[in-house]
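Notes follow once the structure below has been shown.
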Amino acid sequence: MPLELVTIPCLSDNYAFLVHDTETGRTALFDAPEAAPISDALKERRWTLSDIFITHHHGDHIDGVDALRAEHDARVIGAKADAERLPALDRAVTPGDLVDFSGHDVRVMPADGHTIGHIAYHIPDAKAAFTGDSLMALGCGRLFEGSAEQMWSTLSQLAGLPGDTLICSGHEYTAANARFALSVDPQNADLIHRADAVNAARGKGEFTVPSLLSEELATNPFLRANVDSMKKAVGMENAADAEVFAEIRRAKDNF
Numbered sequence: 000m001p002l003e004l005v006t007i008p009c010l011s012d013n014y015a016f017l018v019h020d021t022e023t024g025r026t027a028l029f030d031a032p033e034a035a036p037i038s039d040a041l042k043e044r045r046w047t048l049s050d051i052f053i054t055h056h057h058g059d060h061i062d063g064v065d066a067l068r069a070e071h072d073a074r075v076i077g078a079k080a081d082a083e084r085l086p087a088l089d090r091a092v093t094p095g096d097l098v099d100f101s102g103h104d105v106r107v108m109p110a111d112g113h114t115i116g117h118i119a120y121h122i123p124d125a126k127a128a129f130t131g132d133s134l135m136a137l138g139c140g141r142l143f144e145g146s147a148e149q150m151w152s153t154l155s156q157l158a159g160l161p162g163d164t165l166i167c168s169g170h171e172y173t174a175a176n177a178r179f180a181l182s183v184d185p186q187n188a189d190l191i192h193r194a195d196a197v198n199a200a201r202g203k204g205e206f207t208v209p210s211l212l213s214e215e216l217a218t219n220p221f222l223r224a225n226v227d228s229m230k231k232a233v234g235m236e237n238a239a240d241a242e243v244f245a246e247i248r249r250a251k252d253n254f
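The sequence shown begins at 0 in numbering that gives the first Met the number 0 and counts up one residue at a time.
Okay, here's the thing in structure tokens:
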């Protein structure tokens, strides 16, 4: 495969992601929580950073950008709608744009909800989507700025990607998310099995991110607000999908 994906743990529970084109030698970074571990990963592999893609403005996703740009002279790509809250952008993008990375399309997707101006990136050739704090492993981001309707729209669009897409999200929250998911969807056999696997992985210090979209569709309660069994589980059989999502999000906030 010409594209290699590397997951880098940062801070206490963040992740950054490198995508390296083995044919051209170019390397893209998705989010930069802090510079040091990312710089170390690049040096270990003798890679030079060419591009930095930002999902949203929170410090635990951008604080390493300027140091890495200075070290590697990388171009920085982020949302035009949020440019005033991001590091200086070399390219400001809007949902629907395509960005070329080493001959591979990077699709910019809307991801409002956690923040306004949040975006996600999908690289079909890598079978990977970089979702920041929108769709997460067994969860989704808190609604700090956006509405439940906006987040449901975001999740619905991400749910439409191919099932074998790797969801590269921003945090190691999966074990806690699994405990909540079981509280609202306790009869879901796929979820029970996944929760056991997550707990085993975390017990060995292993990452649970990235995750497959197909697995999220089967087990993530926030993606399942349109599923009859999920609606029944929360006592909202006749409610609109966005209303069910909003109720699940409220329950998680108070869990």
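Beta carbons: idealized from backbone N, C-alpha and C, even for Gly.
Mind checking who residue i pairs with in its DSSP beta bridge?
{"i": "Tyr-172", "result": "Tyr-172 pairs with nothing; no bridge assigned."}
{"i": "Val-105", "result": "Val-98"}
{"i": "Gly-131", "result": "Ser-168"}
{"i": "Gly-138", "result": "Met-135"}
Ignore the nearest five residues each way along the sequence and tell me which others in residue i's own chain have a CB closer than 6 angstroms to its CB.
{"i": "Ala-78", "result": "Gly-116 and Ile-118"}
Return the first residue and the last residue of the beta strand (DSSP E) that residue i is part of.
{"i": "Ser-49", "result": "47-52"}
{"i": "Glu-214", "result": "No beta strand (DSSP E) contains Glu-214, which is instead part of the alpha helix (DSSP H) from 212-218."}
{"i": "Ala-91", "result": "90-92"}
If you drop the 5 nearest sequence neighbours on each side, which residues of the same chain put their C-beta closer than 7 angstroms to that of residue i?
{"i": "Gly-241", "result": "Per the sequence presented here, residue 241 reads as Ala, with Gly not at that position. Once the five neighbours on either side are set aside, the close Cβ partners of Ala-241 are Ala-147, Glu-148 and Trp-151."}
{"i": "Ile-61", "result": "Ala-31, Ile-53, Leu-85 and Pro-86"}
{"i": "Asp-189", "result": "Ala-217 and Thr-218"}
{"i": "Glu-22", "result": "Pro-1"}
{"i": "Thr-153", "result": "Pro-109, Ala-110, Asp-111, Gly-112 and Ser-133"}
What are the boundary residues of the alpha helix (DSSP H) that includes residue i?
{"i": "Ala-35", "result": "34-44"}
{"i": "Asp-65", "result": "64-71"}
According to DSSP, simplified to helix, strand and coil, what is residue i?
{"i": "Asp-111", "result": "coil"}
{"i": "Phe-244", "result": "helix"}
{"i": "Phe-143", "result": "coil"}
{"i": "Ala-119", "result": "strand"}
{"i": "Leu-160", "result": "coil"}
{"i": "Phe-254", "result": "coil"}
{"i": "Gly-24", "result": "coil"}
Answer yes or no: does any C-beta atom of chain C fall closer than 7 angstroms to that of residue i?
{"i": "His-71", "result": "Judged by its chain identifiers, the structure shown contains no chain C, having just a single protein chain."}
Return the residue from the list the options that minimises the CA-CA distance to residue i.
{"i": "Gly-145", "options": "Phe-100, Ala-200 and Ala-110", "result": "Ala-110"}
{"i": "Phe-206", "options": "Thr-173, Asp-184, Lys-231 and Ile-191", "result": "Thr-173"}
{"i": "Asn-187", "options": "Asp-50, His-170, Pro-220 and Val-197", "result": "Pro-220"}
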